[in-house]
Amino acid sequence: MMTLATRTSPLLALWPLAVGLILFALAPALLNQGLVFLAGLTLVNIVFAQAWNLLFSTIGLLSFGQAMFFAIGAYAMAAGPQQAGGGPFLMWLGLSTGLGALAAIVFGIVALRRSGGIYFAVLTLAFAELVHVLITKTDWLGRNDGLTGIYRPKIELGIATIDLTQGDAYYWFMLVACGLASALLWWAGHGVLGRSFRAIRQDPVRAAFLGLDVDRHRLAAFAISGAASAFAGAVSAPWMQIVTPELAHWSMSTKPVLYALLGGAASFWGPAIGAILFGAVEYATRTMHGIADITTGLMLLAVVLAIPGGVMGLVMKLRARPAAATPARPVASTTRPQEQTP
């Protein structure tokens with residue numbers, strides 16, 4: 018699917034995004050408020066998972082600390098307006114996203130010195146735990162209790178004002194914002210920059226020989242991923258109405274990994290499918306106290322063992338099987354057979 022996406026126009030390659038947005042747009046009309054809330058969280062998780070997968074599948078970096086950027090964005094959106102006495106919502110959304118990118122650059126300069134495999138993953142995990150501890154020790158961030166009362170503001174567009182406090186207005190805002198973020202991540206992974214990322218993932222030495230600055234491209238990918246993760250956190254804060262230190266916990270960092278494994282990390286849309294399926298399983302097992310996590314773990318174990326490529330990997334394999342199983346037609350001979358002699 019990713020190969021096809023690079024050979025077709027962006028409008029054709031983004032058809033799964035259009036279908037997904039249409040389905041999510043039907044949620045307020047067809048589902049109750051509880052399921053609409055879950056749909057909003059799923060939109061955020063999709064962007065979060067795709068941001069992580071930009072690192073893993075596109076440039077080949079494994080991050081175990083992606084939650085720190087999500088938490089930075091969420092806390093910036095929650096604490097910023099409270100400390101500053103308000104301000105334009107879109108300004109705070111941009112600042113939260115930019116803060117995530119800045120944090121990724123600072124952390125990346127240190128972590129990418131050990132960019133090989135497990136070293137980078139462990140360093141990102143250590144940075145995430147550092148952010149988690151700092152949040153629990155900071156008074157104006159609410160310490161262990163977190164922050165509540167996060168308002169859903171009005172967006173001033175000059176010629177019009179959009180009140181995000183009314184009805185499902187904020188859900189529609191999330192739908193548009195997450196759709197745009199997903200499209201931008203697709204562009205980052207499939208454009209000229211994305212092709213450079215893939216060249217570095219396949220062979221960093223050859224990429225450097227061809228003139229690519231490997232370290233700078235890795236830092237750029239880390240910054241884009243951090244910004245997108247912070248954006249997801251910033252959008253989620255007014256939706257959840259609460260932010261807690263658990264957003265920076267290591268368990269939060271495992272979520273995009275699980276989404277990608279479930280849906281298929283080799284495809285751009287795999288993490289999105291994984292986030293949707295994972296949310297559905299969590300909702301279905303919400304009343305199974307004590308065994309919900311066990312059920313989820315067993316499901317993921319079965320997926321990893323039975324279909325290592327995830328759901329999208331299985332779909333691609335099934336699509337390729339009929340073509341491989343179709344026997345080739347015999348080529349008709351263009352010469353007349355020789356007559357047998359008695």
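With my numbering, letter number 220 in the sequence shown gets 237, and the count goes up by one each step, no holes. All C-beta atoms in this analysis are idealised placements derived from N, C-alpha and C, irrespective of residue type, glycine included. Just so we're clear, the structure is a prediction, and the values are computed from it rather than from any experiment.
Membership of residue 173 in the beta strand (DSSP E) is indicated by the continuous run 171 to 173. If you compare the alpha carbons of 304, 102, 74, 71 with that of residue 167, the shortest gap goes to 102.
C-alpha of residue 196 to C-alpha of residue 315: approximately 31 angstroms in a straight line. With a cutoff of 8 angstroms on beta-carbon distance, residue 83 and residue 273 are scored as near each other.
Between residue 85 and residue 143, the gap from beta carbon to beta carbon reaches 8 angstroms or more.
Where residue 179 is concerned, the enclosing beta strand (DSSP E) starts and stops at 178 to 180.
Around residue 71, the same chain offers 202, 205, 206, 238, 241, 242 as residues with beta carbons nearer than 7 angstroms, after the five sequence neighbours per side are excluded. Rounded to the nearest whole angstrom, the C-alpha separation of residue 183 and residue 65 is 26 angstroms.
Shown here, residue 259 sits in a strand according to DSSP, grouped into three states.
Judged by DSSP in its simplified three-state form, residue 155 adopts coil rather than helix or strand. The beta carbon of residue 232 is closer than 7 angstroms to those of 129 in its chain, skipping five residues each way along the sequence.
Cβ atoms of residue 90 and residue 251 come within 8 angstroms of each other, at about 4 angstroms. In the structure shown, the three-state DSSP call for residue 335 is helix.
In the same chain as residue 220, and ignoring 5 residues on each side of it, no C-beta atom comes closer than 8 angstroms to its own.
Sixteen is the threshold: when 16 or more other Cβ atoms of the shown chains lie within 10 Å of the Cβ of residue 141, as they do, the residue is buried. Note that the C-beta distance between residue 326 and residue 279 is not below 8 angstroms. Its chain contains 275, 278, 279 as the residues whose beta carbon lies nearer than 8 angstroms to that of residue 317, once the 5 sequence neighbours on both sides are disregarded; these appear in chain order. Contact between residue 40 and residue 300 does not hold, since their C-beta atoms are separated by about 16 angstroms, which reaches or exceeds 8 angstroms. The C-alpha of residue 253 is placed about 7 angstroms away from the C-alpha of residue 58. Within the same chain, 224, 229 come within 7 angstroms of residue 216 by CB-CB distance, once the 5 residues on both sides are set aside. In the three-state scheme derived from DSSP, where H, G and I count as helix and E and B as strand, residue 165 is classed as strand. The alpha carbon of residue 332 has as its nearest neighbour, out of 290, 310, 298, the alpha carbon of 290. With a cutoff of 8 angstroms on beta-carbon distance, residue 180 and residue 53 are scored as not near each other. The C-beta distance from residue 169 to residue 255 rounds to 5 angstroms, short enough to fall under 8 angstroms.
Around the beta carbon of residue 235, a 10 Å sphere encloses 16 or more other beta carbons of the protein chains shown; the residue is thus reported as buried. Note that the C-beta distance between residue 210 and residue 137 is not below 8 angstroms. For residue 117, the closest alpha carbon among the candidates 248, 293, 188, 320 is that of 248. Leaving aside the five residues that flank residue 227 on each side, the residues in its chain whose CB is nearer than 8 angstroms to its CB run, in chain order, 216. The shortest CA-to-CA distance from residue 218 to any of 266, 134, 38 is the one to 134. Residue 159 counts as buried, since no fewer than 16 other beta carbons sit within 10 angstroms of its beta carbon. Under the 10 Å beta carbon count, residue 150 is surrounded by fewer than 16 other beta carbons and is classified as exposed.
Bounds of the alpha helix (DSSP H) holding residue 59 are 50 to 70. Going by beta carbons, residue 208 and residue 283 fall outside the 8 angstroms limit. Contact annotation, residue 148 with residue 245: C-beta distance approximately 17 angstroms; criterion of less than 8 angstroms not satisfied.
Exposed is the label assigned to residue 258, since fewer than 16 other Cβ atoms lie within 10 Å of its Cβ.
Put simply, of 303, 212, 190 the residue whose alpha carbon is nearest the alpha carbon of residue 60 is 190.
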